[in-house]
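Written out below as structure tokens is the structure these notes cover.
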Amino acid sequence: MHRVAFRPQKGPVTGLRVTPELVVRELRAQNFAVLSTVNESGGPDSAGVNYGVAATDRPLTLYVMTRRHLRKAMNIASNPAVSLVMAVPRKILRFVPPATIQLHGTAEILDATDPEGTEVFRRSLIGRLILSAHAASHRRGETRDCFLRIAIAPEVHTYAVGYSAWELRRDIERGVGFVRMWSDES
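Residue numbers (my numbering): 110 to 295.
What follows is the structure, given as structure tokens:
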């Protein structure tokens, strides 16, 4: 897998408001996503997951903690292609559908003791709770815990990120966004 350093491109892309910095900020503000994998028959499988974002001095990378026998990990073992959708909730008008960030990339299965995955999860309350729960199950004999490291492709699609519901009331297509997180030359 070819990786490049994560250096966000500056400024808006194609005149839209979505910037790499905005995407990273919103990803770090959330911790839940829907992860889609490809099953053995080529069909989609989806699961809700808690995630953490790795440091920004490398390609945009997310970590998920799971178990090797669960469908998402088994699917990734045979096909590493994944996609994720993160909801970005509205702060005031909670009844308005959330903005979304859509990512795709490749995942790999790592040992549950992976230092970077562990560090990413230690940085948030939910991450520490997940690490604690997995440690407790390990003490009871569970050995299938693992991290998924997801290397995100540079093309990120969004909807309504950076826009208020008021701004989208007459033209919902204004909210469609795309940003290239880094260039291959970086």
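Cβ coordinates follow ideal geometry from the N, Cα and C atoms, glycine included. Computed from a prediction, not measured in an experiment: that's the story for all the values here.
- According to DSSP, residue pairing for residue 230 in a beta bridge does not occur.
- Contact between residue 170 and residue 260 holds, since their C-beta atoms are separated by about 6 angstroms, short of 8 angstroms.
- Residue ranges of uninterrupted alpha helix (DSSP H) with 4 or more members, entirely inside the region 263-289 and ordered along the chain, are 274-277.
- In the DSSP assignment, residue 159 falls within the beta strand (DSSP E) that extends over 153-162.
- 184 is the residue among 140, 129, 184 whose C-alpha sits nearest the C-alpha of residue 150.
- With a threshold of 16 other beta carbon atoms within 10 Å, residue 168 meets it and is buried.
- Within the same chain, 271 come within 6 angstroms of residue 126 by CB-CB distance, once the 5 residues on both sides are set aside.
- Under the 8 angstroms Cβ criterion, the region 157-164 counts as touching the region 220-229, having at least three qualifying pairs.
- A distance below 6 angstroms between beta-carbons, with the five flanking residues on each side excluded, links residue 229 to the following residues of its chain, in chain order: 161, 163, 172.
- Sequence-distant Cβ neighbours of residue 237 in its own chain, meaning closer than 8 angstroms and more than five residues away, are 230, 231.
- Secondary structure note for residue 137: it is in no beta strand (DSSP E), and the uninterrupted alpha helix (DSSP H) holding it is 129-138.
- With a cutoff of 8 angstroms on beta-carbon distance, residue 216 and residue 258 are scored as near each other.
- A distance below 8 angstroms separates the beta carbons of residue 181 and residue 144.
- Our two residues, residue 201 and residue 252, have alpha carbons roughly 43 angstroms apart in a direct line.
- By the C-beta density criterion, residue 132 is buried, having at least 16 other C-beta atoms within 10 angstroms.
- Residue range 180-187 is occupied by the alpha helix (DSSP H) that includes residue 187, with no beta strand (DSSP E) assigned at that position.
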